[in-house]
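J.:
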Amino acid sequence: MSFFTEDQAAILAGREVRAAWLAQAEFKSETKRLWAGNTVLDANGYEWQPTYGAVVPDDLGWVGEPVSRQISFRLSGIGLDLVTLALAETEEADQQPITVYMLFMDETWAPVGSPVPVFAGLMQPPKVSRGEIDGLDGAEMSVVLTAENLFFNRAKPPNGRYTSSDQAKRVGWVDKFFNYTPLLVNRTFRWPIF
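Numbering (the working numbering), first residue to last: 18 to 211.
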């Protein structure tokens with residue numbers, strides 16, 4: 018069984034490849050499915066809401082090395098009501114899963130096959146920025162939602178390593194030896210002493 022269906026492989030072998038980015042954000046209260054198109058898209062049994070090109074993932078690409086990537090979604094040209102909503106509900110997005118898919122399209126822009134997942138991560142609290150006022154047009158506000166790769170915190174120990182509080186969380190009792198662990202760095206010991 019191959020990664021792509023026969024229809025998707027035929028599209029990839031052609032001279033022109035049409036694809037769209039889809040984002041599934043699992044907020045605490047609900048799951049939002051968005052894409053950068055202009056109409057509601059039916060794909061993979063779900064309805065994907067249009068963002069009219071306003072929500073596109075940045076920095077999405079192949080790294081080629083064992084590095085945890087982060088991507089960001091920028092929503093520009095939005096009103097003050099959405100800015101206040103984004104600021105008020107940061108806990109809605111904090112550390113919640115988000116998945117970015119690539120969906121292949123045919124010549125008529127109809128979906129071909131199922132969306133292919135290309136990024137999975139955890140959303141971080143959104144950041145709001147406001148540009149300079151430019152004449153009568155006013156300033157442009159934008160909300161940036163950053164998503165960290167699922168592996169970004171893998172090197173971090175669950176409770177902080179080699180401390181008394183870590184020991185207490187792991188085994189239920191406190192070993193005071195771990196209070197002295199920082200003092201043992203770069204020390205030389207003779208063992209056993211006869």
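Glycine included, C-beta positions come from ideal geometry on N, C-alpha and C.
Can you tell me whether L139 is buried or exposed, with buried defined as 16 or more other CB within 10 angstroms of its CB?
T.: Counting Cβ neighbours within 10 Å, L139 comes out buried, since at least 16 surround it.
J.: If you draw a straight line from the C-alpha of T198 to the C-alpha of T205, how long is it?
T.: The alpha-carbon atoms of T198 and T205 are separated by roughly 14 Å.
J.: Tell me which residues share the same chain as Q25 and place their Cβ nearer than 7 Å to its Cβ, disregarding the 5 neighbours each side in the sequence.
T.: Counting only Cβ-Cβ distances below 7 Å, and skipping sequence neighbours, we find F121, V129, G130.
J.: Around the Cβ of F136, are there at least 16 other Cβ atoms within 10 angstroms (buried) or fewer (exposed)?
T.: The residue in question, F136, is buried, as its Cβ has 16 or more Cβ neighbours within 10 Å.
J.: Taking the C-alpha atoms as reference points, what is the distance between A37 and Q87?
T.: Cα to Cα, the separation comes out at about 20 Å.
J.: Helix, strand or coil for I28 per DSSP?
T.: Helix, per DSSP.
J.: Determine the extent of the beta strand (DSSP E) in which R204 is found, giving its start and end residues.
T.: Taken as a continuous stretch (DSSP letters only), R204 belongs to no beta strand (DSSP E), as it is neither H nor E.
J.: For G54, count the other beta carbons within 10 Å of its own beta carbon; 16 or more makes it buried, fewer makes it exposed. Which is it?
T.: Burial call: buried.
J.: By Cβ distance, which residues of its chain are closer than 6 Å to W52, with the 5 residues on each side in sequence left out?
T.: Here the set comprises A37, L39, L58, W65.
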